[in-house]
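Visitor: This structure is in structure tokens; I'll ask about it shortly.
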Amino acid sequence: MGIIFALIIFEVIIIIHELGHFIAAKSCGVKVNEFAIGMGPAILKKKKGDTLYAWRAFPIGGYCAMEGEDNESSSEGSFGSKSLPRRIIIVCAGVMMNFILGLIILIVNTARSDAITTTKIASFEDNAMSQQTGLELDDEFVKINGMRIFTAMDVSYQFQNDEDGKFDMVVKRDGKNVELKDVAFAVDGKTMHIDFRVYPGKLTVGSVLAESFKQAATDGRLIYISLFDMIRGKYSLKDLSGPVGIVGSMNEVVESERDEQTGKIDWSGLMDTMLTLAAFISINIGIFNLLPLPALDGGRLIFLIIEGIRGKPVPAEKEGMVHLIGMAVLLIFMAVITVSDIIKLF
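Quick note, in the working numbering, the sequence shown goes up one by one and the last residue is 350.
The following block contains the structure:
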């Protein structure tokens with residue numbers, strides 16, 4: 005079941021991404037030679053106008069092949085024949101569609117919930133250490149250890165990645181920001197005890213939209229934080245997960261929603277978790293594609309920026325070669341992560 009969920013989620017996210025490129029290309033007058041769902045040999049295909057639409061055998065991707073995207077073309081409908089702003093729009097359109105998809109999923113999932121988890125303290129346990137060291141009722145978290153707090157997930161992230169149970173905080177108290185030093189929590193071994201509860205927020209159109217936008221910001225920021233942590237050496241290659249690792253995680257999610265006595269799955273709880281994962285992955289893929297690396301949309305965007313600075317484009321063959329090498333390196337990297345994921349399974 006985890007495999008099925010993973011295939012559906014990844015394929016929808018990739019199709020939406022490529023659809024963004026497709027719609028933008030068509031709107032800007034660029035000829036799209038092929039729009040494909042899946043990879044490998046074509047199962048179904050039909051040509052309409054200048055574009056071949058194909059459904060391919062393996063549901064592991066898709067693509068939007070534009071005229072002159074990676075080579076010189078004298079065609080009036082080639083990618084290179086369009087103005088620089090139009091090409092930038094086409095390159096960025098896939099990423100924007102990923103962000104929009106992630107936001108829509110978050111809106112749907114938030115609207116399905118019973119309440120919004122706020123960041124405002126509603127109560128403390130008896131003899132709560134955090135209350136003794138600075139926190140008060142109705143405090144609303146603004147910053148924890150310098151990180152701006154948007155959602156309850158930000159609070160959880162900071163608590164889960166702490167080592168000594170002490171935090172510098174900024175909270176909103178009586179309408180003013182108050183700085184707190186060394187707010188402490190009880191720590192048992194490597195487990196920190198959270199000794200307060202937060203208020204549930206009411207579901208309104210405004211609160212659902214606001215929470216969804218804040219959650220999207222949280223998801224996007226966590227991706228960059230994780231990337232910088234990896235560069236700093238906090239995480240190693242074995243801590244990364246690719247598609248195989250994500251499938252394994254989804255299998256764990258499915259089993260966590262299965263009743264031990266009856267074997268039945270709580271489909272509502274499973275749907276909540278899967279939608280949360282789908283939104284995170286969609287935003288993740290969008291941000292990853294913006295990285296200034298060859299073969300990614302961010303790499304193509306860098307070449308367009310260089311063109312704007314130089315006043316003339318980099319030759320398509322040279323740019324295409326850079327992207328080809330980048331794709332090869334990316335595939336090798338993915339292969340290494342996949343092997344690591346498989347080793348973890350055993």
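Note that the Cβ used here is the ideal one computed from N, Cα and C, for glycine as well.
Around the C-beta of residue 91, are 16 or more other C-beta atoms found within 10 angstroms, so that it is buried, or is it exposed?
Guide: As a first step, residue 91 is located in the sequence shown; it is residue number 87 there, counting from the start. By the 10 Å Cβ count, residue 91 comes out buried.
Visitor: Go through its chain and collect everything with a Cβ distance to residue 138's Cβ below 7 Å, but skip five positions before and after it.
Guide: Locating residue 138 in the sequence shown gives position 134, counting from the first residue. If we look at residue 138 and ignore the five residues flanking it on each side, its Cβ neighbours are 184, 187.
Visitor: Is it buried or exposed for residue 242, if we count other Cβ within 10 angstroms and need 16 for buried?
Guide: Translated into the one-based positions of the sequence shown, residue 242 becomes position 238. The residue in question, residue 242, is exposed, as its Cβ has fewer than 16 Cβ neighbours within 10 Å.
Visitor: Report the rounded CA-to-CA distance for residue 212 versus residue 203, giving the unit in angstroms.
Guide: The residue labelled residue 212 in the question sits at position 208 within the sequence shown. The residue labelled residue 203 in the question sits at position 199 within the sequence shown. One C-alpha to the other measures close to 15 Å.
Visitor: Let me make sure I understand the geometry here. Which of 6, 24, 111 has the alpha-carbon closest to that of residue 97?
Guide: Within the sequence shown, numbered from 1, the residue matching residue 97 stands at position 93. With distances taken between Cα atoms, residue 97 lies closest to 24.
Visitor: For the alpha helix (DSSP H) that contains residue 116, what are its first and last residues?
Guide: Translated into the one-based positions of the sequence shown, residue 116 becomes position 112. Here the alpha helix (DSSP H) through residue 116 covers 88-116.
Visitor: Along the chain, where does the beta strand (DSSP E) containing residue 121 start, and where does it finish?
Guide: For the purposes of this step, residue 121 is taken as the residue at position 117 of the sequence shown. Counting along the chain, the beta strand (DSSP E) containing residue 121 begins and ends at 120-128.
Visitor: Leaving out five residues on either side along the sequence, give the residues of the same chain with a beta carbon under 8 Å from the beta carbon of residue 120.
Guide: The residue you call residue 120 lines up with position 116 of the sequence shown. Excluding positions up to five away in sequence, the list reads 114, 204, 205, 206, 207, 211, 212, 215.
Visitor: Looking at residue 15: is its Cβ nearer than 8 Å to the Cβ of residue 63?
Guide: If you number the sequence shown from 1, residue 15 lands on position 11. If you number the sequence shown from 1, residue 63 lands on position 59. For residue 15 and residue 63, yes; Cβs fall inside 8 Å.
Visitor: First and last residue of the beta strand (DSSP E) that includes residue 431?
Guide: Beyond the ends of the chain as shown, which are 5 and 350, falls residue 431; an answer cannot be given.
Visitor: How is residue 239 classed by DSSP in three states: helix, strand or coil?
Guide: As a first step, residue 239 must be located in the sequence shown, where it is residue number 235. Coil at residue 239, not helix or strand.
Visitor: With respect to the beta strand (DSSP E) encompassing residue 38, which residues constitute its N-terminal and C-terminal limits?
Guide: Locating residue 38 in the sequence shown gives position 34, counting from the first residue. Per DSSP, residue 38 belongs to the beta strand (DSSP E) from 36-52.
Visitor: In the DSSP assignment, what residue or residues form a beta bridge with residue 192?
Guide: One-based indexing of the sequence shown puts residue 192 at position 188. Bridge partners of residue 192: 195.
Visitor: Hey, is the stretch 274-291 in contact with the stretch 75-89, meaning 3+ C-beta pairs nearer than 8 Å?
Guide: Result no; under three Cβ-Cβ pairs closer than 8 Å.
Visitor: What would DSSP say about residue 326, mapped onto helix, strand or coil?
Guide: For the purposes of this step, residue 326 is identified with residue 322 of the sequence shown, where counting begins at 1. Helix.
Visitor: Can you tell me whether residue 26 is helix, strand or coil according to DSSP?
Guide: Against the sequence shown, residue 26 aligns to sequence position 22. DSSP places residue 26 in helix when its eight states are reduced to three.
Visitor: Could you round the C-beta distance between residue 20 and residue 107 to whole angstroms and report it? I think they count as a contact, below 8 Å.
Guide: Start at 1 with the first residue of the sequence shown, and residue 20 comes out as number 16. Start at 1 with the first residue of the sequence shown, and residue 107 comes out as number 103. Their Cβ separation, rounded to whole angstroms, is 12 Å, which puts residue 20 and residue 107 out of contact at 8 Å.
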